[in-house]
Structures are given as structure tokens and as C-alpha cells.
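Residue numbers (the numbering used here), protein chains in the order written: chain A, 1 to 251; chain B, 1 to 251; chain C, 1 to 251.
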């Protein structure tokens, strides 16, 4: 179901049962998997010298909400979900079921794992490496230039299961481990070890995340969050988490 | 005056003397009061399971500027004014003459009083409670999840007449009183009492707002701001403020 | 080449060899120089009482990317380049080859020099004065109201060649000198002398920028950045920089 006002290139490879909203533009270099939906006012598949002839490939069962802009030269696994007005540049390689919140801006030349959730207005600089099951909250910026402006780009690395809270900046080349929590409004200039909390400007390590309790009165530890937060993940992954957490109760 | 390229559902309830701009979409579940104007490239009234069959209700004499997106299931009083590219999700309940600046993102399930001004690029998290006559400046985030990610959402409360300056974060569950000033680039993790200044990371209370003088050479106190700043408020409200401030000169 | 869905006022003054994308709107009070390109879904030349009858003037060889919004009453030199979804209000006066990143918001009544680069999501408050060759990185806000809300607007000044890193706030009336570096996530409340680094909340001066080495293993100083970073500048300017830096090796 392609809206009659949408402009879809005959060269675009569109799967079965695709919806495309009003006033959207689909350029030549686009491959969209079956059962996907693209909202209104989008521009999808802008080709540039940086995309170097490569297409934009979007997996099946994806949803791109209105006013979003994707360049050619990126690959997304199945079940990509975006908010409104996201911008995604060339060279972004993302796994399964990435969620990109409204207004987020992915600058390209970056790698994003499976089941990553980027909330609203997140900025992912070039050369970033984001693991699996990572959460990044509103107004977080992953930077890359240690001496701005320069041609030396040192991407950040964010480990699996880590959560970066609102309005934090991760400085160029910093590696944040797995299962970490970065507090709101932090400026992270040094590496953070697995399972640690870091917060402040400049950010300091404040101890293990297992020290933090849920605020629901249960008295249970809030981390690893895989013990209690399962919304939107596939059943087989939740089962695997349960097994891992049972085997390793204070991981 | 509905632009011929606009797509307006016949089920939408459109008042008298409404303007709708080019390339805008008005869905079924929309009620717009008389003498309102909707700019170009908007998408108004997106229905979802979260809107639960409820319409988007927008009061009379409202202006929604171009590229804005409103979901169904929210209510706005008369004289709503927005900038460009605002996003408003389901369950937002706002009073009279709310102003929402360009790029601001209201996540829904929140309550906003009368005559509130949100400047550009403000993020209002779910469960937020914003009083009357509040000012929130660019890049401020009202958060809600104390242990991200989790299912425990603790909204912030911002009291009447309070101003929250640029790039501040209010942490989950924090209550900021009436007539407060939150300094720029603050991270507010504790409640703030009425009439106080708080600033810094983490934010500390720095004394009463009445200590701050206007920078116009008058030597007058800058707070309560209702003593000197009246632009855009109705005459009867300005009269009431004058009476209150005369009765209570250092309030 | 004007796309057949674009709506272009016959009163707009459009140069030679102009491209205008699908679903874009060009209002009456617009003058666009030769060989320029405007992307899709833009709204260009919105007239208001603040634009006071003045047109939007955009120099030749300019590129405005999709979903951008410009008001009437501003002037841009040749080779303006924007990202997507920029917003520019009335009374903006900018020199040659300004680059405005995706989502940036220029509030108007401001002056911007030649060859300025604003990265994504930069907010330029009214009354700002930005010099030549300045770099401003993502999520930086230049503020103007010392006692919000008030009618006293004190603009910031940013000197030539200065770089302001990600997520920094410059407080009202602050003057940052030439060839400075403002570190990421800073809140700058005091003036910064020429050639100095300032960082932190509140920002403190940390010494001369010449102390900072490039991170490319060369051992060379990273500042002035004109010694090593030339991408996108005209040949004659690069020659002039080389002469200045040769004459004054540690400037």
C-alpha cells in the first residue's frame, strides 16, 4: 500500500506488504524487507559519494516513522523501529531490532549490535561501536574528535547491556565496559570497567551497579536489568537471561 | 482554508475559520477549535493503542507550526502555540495557552498547567507534572526512570512560576517548588524548596531567588519575574500579579 | 529544475540553475543565488512582523538540505550549506560558506562571520555574535537571558577560530576570545582570554591551547588548528594560514 502522493523509484527493491506514507520519497538505492512500514514525509536512500554505490538495506518487519531521513550505504537487521525525524548517514551497520528514538542522529561509519535502544535525541558520532542490548537515553552524545577540529577520529565503545543516562557525553576513544551504568549528565573521559557505575563531570567510578536497588519497594537489585526488565525482547532471549542470572545471581 | 495538497480525514472535527497548510495530514481522531492554524508538513492525530480511541483535542485560536506531529489522546486548552517540528505523544493534558518551542518532545502521560512556556528542544518525560506559568528553557530534560531501564516511572514535579534554565536535567521523582530558579546546566537530584535557586552538578540550593537583581541597571530584584515580565500574558493576569506583588513585596 | 510538487511563489527571485526538491514551499520574500539547491520538504521565506518586509537572501552555490525552515529577513553569503531540519529565524546575518548541521536552530537577531561551522543540534540564541572560522559542536547552546524570563538579552561573543565542544553552554553576555577551546560539557560563565582552554562546570581556564598535542602520534600541537586542518577551506585561505603560522610558530 503505497500512498498515491509518495514518490517511489522503480529501481528501489520493495518487499511484500509494504506501506509507504504520504509525501515520502524512496530513492533508487533502497532494499526494504517484507511487511515493513514507512511513515509520511520521509526521504529514504539518499545516495552520496560516501555511500559509494552501496544501497540502504532495511530488514523485514521494520517501522520507520514520519519525517525520517536515511542515506544509502547502511544496513539494518530485521525489525528496525524508529521514532520521528531520525537521521541516519552512510556506513551505519546495525543488528536486529534496533530502536532509534525521535530526533536521533546517527552520523554513520559506526557499528551497532542487536536489540539496541536509542531513546529520543541521541547523537551517535562516526566510528562509534555500540554492543548488544545497550540503552542510550535522551540527549546523549558519543563523540569522536579528541582535538576538535581535526582529522583524528577516535570512536567510543559501549559494551553489551550498558545503559547511558540522559545528557551524558562520552569523550573520544573512551571504552565503557559491559553491564555498566553511566549516570545522568556525566562527562565520561576515562574507560569504565565492566559492571561499574560512573557519574559526574568529570565522571568517576562510584562502585558496582549491583549496589543499586529497584525503586519499586521490592528490595531487589536493579542491575543487571535483565533480571527484571523484559519488555519488547523475544521469549528465547528472556529465557537465556533467566538462565544466566540464575547461574550467576550477583553478576 | 485548507490547502489543496493537505489530506484531511472527513471524520476529523474541524472548527470554523481553520487554516491547514500544504502537505499536512489530519487523521480521524482530531478536534480543532475555531480560528486555529496548522502549518505545512504536519501529521496530526496519529491513533495508537496508547490513545485508546480518544481524540486529540486542541482548543480554539491555536497555532501549530510546520512539521509538527501530534498523536491522538491528548487535550490542549485554547491558544496553544507551537514552534516547528514539535512531537506530542498520547495522554498529554495541558491548560490554556501552552507554548511549545521548536523541536520539543512531549512524551505523553503528563500534566501541564496554564500559560506554560517550553522553549526549543525541551524533553518532557512521561509522568511529569508541570504547574502554571512555568518556564522551561532549551535542552532541558525532565526524566522519570530512576534505574534505567525499568518499569518504575517516577515523574518530576515543577511548581508554579518556576524557571528551569538551559541544559538542566531533573532526575526522577524530584519536586521543584514554586517560584524557583534552576541554573543552567544543572543536574537536580533533590527537591528544591519554594523560592530557591539551585544550580550545579549535583545541584545545590544557593539561596533565595530574591537575591538576584535584574541586569538592566534598574537595581530591582529579578524574581518573582511576575514583577517585571508580562509579555504575552492576558491583562487580567498581569493585574492579579501586580496585586499579589504589591501585597507581598519580597515574595 | 523545480520538482512538480514544489510550491514556488512567482514573487520569489530564483537564480539560474536552481534545484528545488519535492514537497518544498518557497514563499514570496526569497532571493536565492545561482546554482543553489534546496532539498525536499523545506519551507523557505516565512514572512512575519519580525522580518518587517525584508527578504531572505541566500548567496550563490548554496545547498539547503531537506526539511529545513528559513524565515524571511535574514542574509547569507555564498556557499551556505545546511544539514537537514535546520531552523533559521529572522535577522540572522551570516558571511561566506556558513555550514549549519542537522537540527540546528538559529534564533535570529545574530551575526555570524565567514566560514563558520555549526555541527548538529546547535542552538544560537538571539544577540549572539560569532566570529570567523568558528567551530561549534553538537548540543551547544549560546544563551542570552541572564535572569530568565526577562526582557534583558545579553548575547554571547565567540572569537575567530575558537572551537566550542559538545554539550557546552555559554552564559549570557560572556565573551570567549580568539583561538580558544571550550571543553565538552562546560558551562562558561566568565570571559575567556585569547588562546586559552576552558572547561568544567563552572568552566575554569586550564592554560593555553598550545599545550594540547594531536592524538595522531605526530607529537605536533593541535592548536592553532589552522596548522593541520584544512578540509573544505579555499586554497587562498589555507595559504594565508600557512604564512601566519610560519611567522608565529606558537601563536
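The C-beta atom is built at its ideal place from N, Cα and C for all residues, glycine as well.
- Interface residue (Cβ-Cβ distance to chain C less than 8 Å): residue 85 of chain A is classified as such.
- Annotated as distal: residue 96 of chain B and residue 117 of chain B, with beta-carbon spacing of 8 Å or more.
- DSSP places residue 105 of chain B within a strand segment (E or B) once states are collapsed to three.
- Nearest to residue 151 of chain C by C-alpha distance, out of B:73, B:23 and B:217, is B:217.
- Residue nearest to residue 35 of chain B within the set B:23, B:58 and B:130 is B:58 (criterion: CA-CA distance).
- Distance from the Cα of residue 177 of chain A is smallest, within the candidate group A:114, A:149, A:184 and A:157, for A:157.
- If you check the CB distance, residue 21 of chain B and residue 38 of chain B come in under 8 Å.
- For residue 9 of chain C, not one C-beta of chain B is nearer than 8 Å to its own C-beta.
- Taking C-beta separations shorter than 6 Å and ignoring five residues to either side along the sequence, the partners of residue 87 of chain C in its chain run 69 and 105, following chain order.
- Taking all protein chains in view, the Cβ of residue 144 of chain C is crowded by 16 or more other Cβ atoms within 10 Å, so the residue is classified as buried.
- Secondary structure at residue 37 of chain B: strand, using DSSP grouped into helix, strand and coil.
- In its chain, beyond the 5 residues on either side, 22 and 23 have a beta carbon closer than 7 Å to the beta carbon of residue 5 of chain A.
- For residue 151 of chain A, the chain C residues whose C-beta falls within less than 8 Å of its own C-beta are 216, 228, 229 and 231, listed in chain order.
- Cα atoms of residue 189 of chain C and residue 201 of chain B: separation of roughly 15 Å, rounded to the nearest angstrom.
- Between the alpha carbons of residue 233 of chain C and residue 153 of chain B lies a distance of about 49 Å.
- Around the C-beta of residue 203 of chain C, 16 or more other C-beta atoms lie within 10 Å, and the residue is accordingly described as buried.
- Contact between residue 140 of chain A and residue 168 of chain A holds: their C-beta atoms lie close to 5 Å from each other, under 8 Å.
- For residue 41 of chain B, the neighbours in chain A by C-beta distance under 8 Å run, in chain order, 23, 41 and 67.
- With respect to residue 148 of chain A, residue 76 of chain C sits apart: the two C-beta atoms are not nearer than 8 Å.
- With respect to chain A, the C-beta atom of residue 201 of chain B has a partner C-beta closer than 8 Å.
- Inclusion of residue 128 of chain B and residue 103 of chain B in the CB contact set at 8 Å is not warranted, their separation being larger than that value.
- A distance below 8 Å separates the beta carbons of residue 48 of chain B and residue 90 of chain B.
- Runs of the beta strand (DSSP E) lying entirely within the segment 101-151 of chain A, each at least 3 residues long, are 110-112 in chain order.
- With the criterion set as a beta carbon lying under 7 Å from some beta carbon of chain B, the members of the segment 113-134 of chain A are 120 and 121, in sequence order.
- Under DSSP, residue 43 of chain A takes part in a beta bridge, and its partners are A:25 and A:69.
- Residue range 235-247 is occupied by the alpha helix (DSSP H) that includes residue 237 of chain A.
- Annotation: residue 27 of chain B has no Cβ neighbours in chain C at a cutoff of 9 Å; minimum Cβ distance is about 19 Å.
- Residue 65 of chain B has its alpha-carbon roughly 7 Å from the corresponding atom of residue 85 of chain B.
- The Cβ atoms of residue 67 of chain C and residue 67 of chain B sit closer than 8 Å to each other.
- Around the Cβ of residue 246 of chain A, a 10 Å sphere holds fewer than 16 other Cβ atoms; the residue is exposed.
- Between the C-alpha atoms of residue 226 of chain B and residue 134 of chain B there is a straight-line separation of about 11 Å.
- Under the 8 Å criterion on CB atoms, residue 169 of chain B is classed as interfacial with respect to chain A.
- Bounds of any beta strand (DSSP E) do not take in residue 186 of chain C, whose DSSP letter is neither H nor E.
- Taking CB atoms only, residue 92 of chain C has no neighbour in chain B less than 8 Å away.
- An exposed status is given to residue 239 of chain A, since fewer than 16 other beta-carbon atoms sit within 10 Å of its beta-carbon.
- For residue 139 of chain A, a Cβ of chain B is located within less than 8 Å of the residue's own Cβ.
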